[in-house]
Amino acid sequence: MAFALTPEREQQVEDVLTRYPERRAALLPILWLCQRQHGWISPDVVEYVAERLELSTSIVKGVVTFYTMFFDEPVGENVVWVCRTLSC
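The letter at position 88 of the sequence shown is residue 96 when you use the working numbering, and the numbering goes up by one with no holes.
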């Protein structure tokens, strides 16, 4: 199953790309848009973003697994975050 954005989200991606002349800098906002539509960052989403930004899938997957705000597995509709450190 290939991932595709809705026309509205596709326009948002275009807007992000115009704000960031360096394509790699647009990675986080575009991942966020994809996750908001799809609910998580599936392998299809990783491939879509990598192709769209002309990056390798390993770079995109590395960013997805580094940041806790991106889900690389399906999650429920409501996500509860519990923080037990001072930095929160």
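For glycine and all other residues, C-beta sits at the position ideal for the given N, C-alpha and C.
Is there a Cβ of chain C sitting closer than 8 Å to that of residue i, yes or no?
i	result
Y56	No chain C is present in this structure, which holds just one protein chain.
Is it the case that the Cβ atoms of residue i and residue j are separated by a distance below 8 Å?
i	j	result
V2	L36	This structure does not reach residue 2, given that the chain is present from 9 up to 96, and the question cannot be answered.
K69	V83	no
Whose C-beta lies closer than 6 Å to the C-beta of residue i among residues of the same chain, with five residues either side of it excluded?
i	result
F79	W48
L25	A34
R17	L41 and Q45
Around the C-beta of residue i, are 16 or more other C-beta atoms found within 10 angstroms, so that it is buried, or is it exposed?
i	result
V21	buried
Looking only at its chain, what residues have a beta carbon closer than 7 Å to the beta carbon of residue i, apart from the 5 residues adjacent to it on each side?
i	result
A10	D52
So which of the options has the shortest CA-CA distance to residue i?
i	options	result
E81	W89, V72 and P29	V72
P15	V54, L41 and L94	L41
P29	L61, Q43, G84 and C91	L61
E59	S95, C96, V83 and R32	R32
Does the distance between the C-beta of residue i and the nearest non-hydrogen atom of the ligand COA fall short of 7 Å?
i	result
Y56	Ligands displayed in this structure: none; no statement on the ligand COA is therefore possible.
Discussion item. What ranges does the beta strand (DSSP E) occupy inside the region 37 to 86, keeping only unbroken runs of at least 3 residues that lie completely in it?
Written reply: none
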